[in-house]
Amino acid sequence: MKETQGRPLPLGTTMIGNIVNFSVAVPQEKECQLLIYRAGAKKPHAVYDMKRELGEVRYLALEGIEPSKFEYNYRIGGEVVIDPYVKAIAGREVWGRKRDVQKHEVRGILYDKEYDWEGDMPLCLPYNSVIAYSLHVRGYTKHASSKVVSRGTFQGVVEKLPYLKELGINQIQCMPVYDFEECMQYRNYWGYGTAYWFAPKSSYAKSKDGVKELKDMVKACHREGIEVVLEMPFTEEVSKQTMEECLRYYMIEYHIDGFILNPQIAPMEAIYADPILKKTKIMAHRIDFQTVMRRFLKGDEGMVEGVMYWLRRISEKDGTFNCITNQNGFTLNDLVSYDRKHNEPNGENNQDGPEYNYSWNCGAEGPTRKKAIAKLRDGQIRNAFLLLLLAQGTPCILAGDEFGNAQKGNNNVYCQDNPVGWTDWTHLEQKKDLHDFVKQLIAVRKNHPVFWPKKEMCGLDEARCGVPDVSYHGESAWRVPSEVFSRQLGVYYSGMAAGGEDCFVAYNMHWIEHSFALPALPRNKKWYMIASTKEGVLDKVQCLRNQRTVVLKERTIMVFAGREEDGEKGDRSGEKNRADVLPAKVDCNYNNVD
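41 is the number that full-length UniProt numbering gives to position 41 of the sequence shown; each next residue is one higher, with no gaps.
Pasting the structure below:
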């Protein structure tokens, strides 16, 4: 190896043929050395003083080095340091095995393997067409009940793609997949905190090659029409430059479709303006939708106005997405089963985790054998999915919620690398009815464009069809139930405004029944009930021929579609087969409309 001058930028390592350029930011008062190891060795093979500098950047290049045979670190001010821009790391291939950087047990890899993307590119699905699904790469398939070969890995997620596609998912949102230190005082299962942002976590790879297997996962997802979005919760000490470079790197090198950022830390304005990231989804999680819908679900008063707003709010404006549950808080099953958090196993005297969950245990804390409570909880879970999937913003389902995954009332499983924090797939068999309901409800959403319009509805008759694009009703048609004590709402969507059929959704979150006036349809159309909390998505839809009102039992949601009555064609049964629950296929940008 021959030392040459090198270049100060880009930071990290750059390989051109048999020349490797090394560049690292170092405080001016500190000495810096480049440590070169033979691959797998724990003692340096060669040491180079990095004296060339520009500003606070030290740099040099080595000619005649075979990248695949060597690894590297830096020694800065006498301390062994991993390159902050390292692209792959050796020594952390086994999850949960503590390694000491100062003993050279962890080293940077000079990764130079070519990858065949086979023509793959980011999908760039329209925001309004997305059905998202949030998961932890390790926890999603680590439980034995997942029945995958490569449990807890990128490949494990690939094995679950047929399941996700059948459910109707076209975007997965992954919790941190970069290399983080899990061996801390409390196991850092989630991966938040300081990290090596550019290096995929090798312990998430079956082959221990995190670079290749993350690419394999992305390519496999794209083949199935599923986007991959990465959560990147940068910490405050990360420079804005590094954040931007990191996002560009994952977009270019890994074909990532989007990122979830903390807008309080990330330089959002610069990221939005970055020409490389212009078609990349830049997303943020806000709890507004979650809080409003949770409170409405459990019957709090004064929520109707907020519900109206969040039902019509679309996501592309500010990159937000809608979720009723996410990893920070209860699962949906626990949201309707616990009034308070139960985080004692975390070892922090139950002081950690969110204090305000807006949950309701339906009459008993935790598991119960009381059939009335179990039935009420099942209904509330279905109501939650109706609130989520019929809102016009981008919905995101927490992994396992669709079959009642539970965490024993723990609302902060950041350190629970065990069955409590993993997705338990045994519930899929136990609650198949819930899973099928969610799957069918996603199909209803996809086939009714009024639930995912291209632009936000404004309550005006822009289509000049005689009714606004969206209007709000109560026990009287065209009258918003705005009283503070109201817990019911009817929403009428005009099919002429967004395409497809007119739809009317009646929400009764009160503990007593209420009647709703049905808005009038054109003379040749009738309202058909296509779904409800209690009946699910109907095998045979029900025609409400001459009804002007409909009665909703307590804590019930009903969905109606306006369509021509079959009686005009000789069918007076007022029923249709499941194939007619959904209208004829429409041009809807979904990759996998059933």
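Every residue gets a Cβ at the ideal spot worked out from N, C-alpha and C, and that includes glycine.
Label residue i either buried or exposed according to how many other C-beta atoms from any shown protein chain fall within 10 Å of its C-beta, with 16 as the threshold for buried.
{"i": "Thr423", "result": "buried"}
{"i": "Trp310", "result": "buried"}
{"i": "Thr4", "result": "exposed"}
{"i": "Ile16", "result": "exposed"}
{"i": "Cys458", "result": "exposed"}
{"i": "Val20", "result": "buried"}
{"i": "Phe485", "result": "exposed"}
{"i": "Asp587", "result": "Low confidence applies to Asp587: its pLDDT is 36, below 50, so where it sits in the model is not reliable enough to give any reading."}
{"i": "Ser315", "result": "buried"}
{"i": "Leu35", "result": "buried"}
{"i": "Gly490", "result": "buried"}
{"i": "Leu277", "result": "buried"}
{"i": "Val148", "result": "buried"}
{"i": "Cys543", "result": "buried"}
{"i": "Glu269", "result": "exposed"}
{"i": "Gly40", "result": "exposed"}
{"i": "Asn73", "result": "buried"}
{"i": "Val470", "result": "buried"}
{"i": "Pro67", "result": "buried"}
Could you spell out the range, first to last residue, of the beta strand (DSSP E) harbouring residue i?
{"i": "Tyr133", "result": "132–135"}
{"i": "Glu79", "result": "79–81"}
{"i": "Phe296", "result": "Phe296 -> not in any beta strand (DSSP E); alpha helix (DSSP H) instead, spanning 288–298."}
{"i": "Met1", "result": "Segment: none, Met1 is in no beta strand (DSSP E) and carries neither H nor E."}
{"i": "residue 638", "result": "Nothing in the structure corresponds to residue 638, since the chain is present only between 1 and 594."}
{"i": "residue 652", "result": "With the chain represented from 1 up to 594, any question about residue 652 goes unanswered, as that position is not in the structure."}
{"i": "Asp179", "result": "178–180"}
{"i": "Leu34", "result": "32–38"}
{"i": "His514", "result": "514–517"}
Could you check the C-alpha separation between residue i and residue j for me, to the nearest Å?
{"i": "Ile226", "j": "Val157", "result": "12 Å"}
{"i": "Pro122", "j": "Lys219", "result": "9 Å"}
{"i": "Leu552", "j": "Lys455", "result": "31 Å"}
{"i": "Glu564", "j": "Val130", "result": "30 Å"}
{"i": "Pro522", "j": "Tyr507", "result": "23 Å"}
{"i": "Thr194", "j": "Phe234", "result": "8 Å"}
{"i": "Thr394", "j": "Asn405", "result": "22 Å"}
{"i": "Val450", "j": "Val537", "result": "17 Å"}
{"i": "Ser337", "j": "Gly379", "result": "12 Å"}
{"i": "Gln430", "j": "Phe403", "result": "8 Å"}
{"i": "Thr556", "j": "Ile109", "result": "57 Å"}
{"i": "Leu247", "j": "Phe259", "result": "8 Å"}
{"i": "Glu501", "j": "Ile397", "result": "25 Å"}
{"i": "His427", "j": "His143", "result": "12 Å"}
{"i": "Lys98", "j": "Ala443", "result": "46 Å"}
{"i": "Gly12", "j": "Lys87", "result": "8 Å"}
{"i": "Leu297", "j": "Val177", "result": "33 Å"}
{"i": "Glu301", "j": "His510", "result": "9 Å"}
{"i": "Ile282", "j": "Met175", "result": "15 Å"}
{"i": "Leu62", "j": "Tyr48", "result": "10 Å"}
{"i": "Arg479", "j": "Asp318", "result": "31 Å"}
{"i": "Asn350", "j": "Arg340", "result": "10 Å"}
{"i": "Val106", "j": "Asp209", "result": "15 Å"}
{"i": "Met184", "j": "Tyr414", "result": "12 Å"}
{"i": "Ile169", "j": "Cys221", "result": "11 Å"}
Mind checking which residues open and close the alpha helix (DSSP H) that includes residue i?
{"i": "Trp310", "result": "304–312"}
{"i": "Cys503", "result": "Run containing Cys503: none in the alpha helix (DSSP H); it sits in the beta strand (DSSP E), 502–508."}
{"i": "Thr426", "result": "426–430"}
{"i": "Asn333", "result": "332–335"}
{"i": "His45", "result": "Element bounds for His45: n/a, residue is neither H nor E."}
{"i": "Tyr74", "result": "Element bounds for Tyr74: not the alpha helix (DSSP H) but the beta strand (DSSP E), 70–76."}
{"i": "Gly156", "result": "154–159"}
Below 8 Å on the Cβ atoms is my guess for residue i versus residue j; work out the distance and round it to an integer in Å.
{"i": "Ala266", "j": "Thr320", "result": "Actually they do not touch by this definition, with Cβ atoms about 14 Å apart."}
{"i": "Ile89", "j": "Ser202", "result": "6 Å"}
{"i": "Ile530", "j": "Phe560", "result": "7 Å"}
{"i": "Lys103", "j": "Lys42", "result": "7 Å"}
{"i": "Gln173", "j": "Tyr140", "result": "Not a contact, Cβ separation roughly 12 Å."}
{"i": "Val304", "j": "Pro481", "result": "6 Å"}
{"i": "Leu386", "j": "Arg445", "result": "With a Cβ gap of about 10 Å, Leu386 and Arg445 do not count as contacting."}
{"i": "Ala517", "j": "Ser476", "result": "5 Å"}
{"i": "Asp352", "j": "Asn412", "result": "5 Å"}
{"i": "Cys32", "j": "Ile76", "result": "5 Å"}
{"i": "Val228", "j": "Ile256", "result": "6 Å"}
{"i": "Thr153", "j": "Glu213", "result": "7 Å"}
With contact counted as at least three CB pairs below 8 Å, one residue from each stretch, are the stretch 367–387 and the stretch 339–348 in contact? no
Closer than 8 Å is the cut-off here; do at least three beta carbon pairs connect the stretch 19–30 with the stretch 55–65? yes
So does the stretch 282–301 actually touch the stretch 430–439, counting three or more Cβ pairs closer than 8 Å? no
The stretch 463–470 touching the stretch 482–496, judged by at least three CB pairs closer than 8 Å: yes
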